Amino acid sequence: MNLTVIGCWGAYPEKNEATSGYLVECEGSHILLDCGSGVLSRLQNHCALEQLDAVVLTHMHADHMADVYSLEFAILILMQIGRRSKPLYLYVNEKELDSLAFEYPDYVRVHPVRAGEELTIGHVRLQFSETVHEIPCLAVKLTSREGRTLVYSGDTGYCQAMIDLARSADVLMIESSFYDFQAGRMKGHLTAGEAGKIAALAGVGQTILTHFPHYGDLNQLVLEASRHYAGQIRLAYGGMQIHI
Ligand SMILES: [Zn+2]
Ligand SMILES: [Zn+2]
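Position 242, counted from 1, in the sequence shown is what my numbering calls 402; the numbers after and before it change by one each time, with no gaps.
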């Protein structure tokens, strides 16, 4: 299983970059986790849109889904000109179905998912767990046939469900929206220290911090997480690739 970070910013993309978007390739399947602003353009550096099988949206904030409507038109055009033969499968929280408005259901097939559910895309097994956020949000765990695991937090506050989903994961990609001095500023997001605590309690193999603030020294996030978690911690960046 290979992970490529398409975008790693919270809220809005920095210049020439993107908000949340993570491409997972596994045995020929191409799955995009979140599709925030800037993702559709940058995704094409790593995956032809003809090859994209599915998109999983953790929740309906724009920094996680703003580009899905442009993606709908890309799929429509590619199918109409014969360059793509199958629709795109989009997996979204059943609680958020009403906030989506696709005009062309023949091209984007929406599948509701819920916490506790398991499903398979290609040879990848996906499991979902509800996080603590301002609106319903699902964290996702992906497991390859070899049993290798990636857990992506989406947006979340500190919660036991996140620790349980991440338990013994090979890679935990976790939001780190705030520095420790900002603890308590906003419910539904993590400080770097909280992200480190979750990584430690879950006993994950390695941790990738993502969903960054637009200020301060991001290396400070690694320092703050490392006060709690002794494993490898890295900062996500656009184009980062990891073999899991
Ligand atoms: Zn976000
Ligand atoms: Zn959010």
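Beta carbons are placed, not taken as given, at the ideal position from N, Cα and C, and that holds for glycine.
Here the structure is a predicted model, which means the values were calculated and not measured.
Whether residue i touches residue j by CB criterion (7 Å)
i, j, result
"H219", "G353", "no"
"V331", "Y312", "no"
"I235", "L248", "yes"
"G398", "G167", "yes"
"P272", "L257", "yes"
"S180", "D227", "no"
"I358", "M322", "yes"
Member of the options whose CA lies at the smallest distance from the CA of residue i
i, options, result
"P296", "G181, R202 and H221", "H221"
"L305", "S180, I404, N176 and V165", "Looking at the sequence shown, residue 305 is not Leu but Arg. Of the candidates S180, I404, N176 and V165, the one whose C-alpha sits nearest the C-alpha of R305 is I404."
"D324", "V364, S336 and A390", "V364"
"E254", "E277, H349 and M239", "E277"
"N162", "A261, D266 and H190", "H190"
"P265", "R274, E294, M239 and E290", "M239"
"Y339", "A362, T309, K347 and Q380", "Q380"
"E210", "Y375, F372 and F233", "F233"
"A326", "T291, Y182, H349 and V270", "T291"
"H408", "G170, V165 and T303", "Here the chain comprises residues numbered 161 to 404, so residue 408 is not present and cannot be evaluated."
"N205", "A329, C186 and Y182", "Y182"
"I241", "Y229, Y267, L378 and M225", "Y267"
"K347", "L395, A396, E294 and S328", "E294"
is_contact[residue i, chain B] using C-beta, thresh 7 Å
i, result
"V311", "The structure shown contains no chain B; it holds only a single protein chain."
Exposure label - residue i; buried when at least 16 CB within 10 Å
i, result
"M333", "buried"
"G344", "exposed"
- Message: Three or more C-beta pairs under 8 Å: does that hold for the segment 363-378 against the segment 190-203?
- Response: no
- Give a yes or no on contact between the segment 382-393 and the segment 281-288, applying the rule of three or more CB pairs nearer than 8 Å. no
- Query: Whose CB is closer than 5 Å to a heavy atom of ligand 2? List the residues in chain order.
  - Reply: Spelled out in chain order, the answer is H221 and D315.
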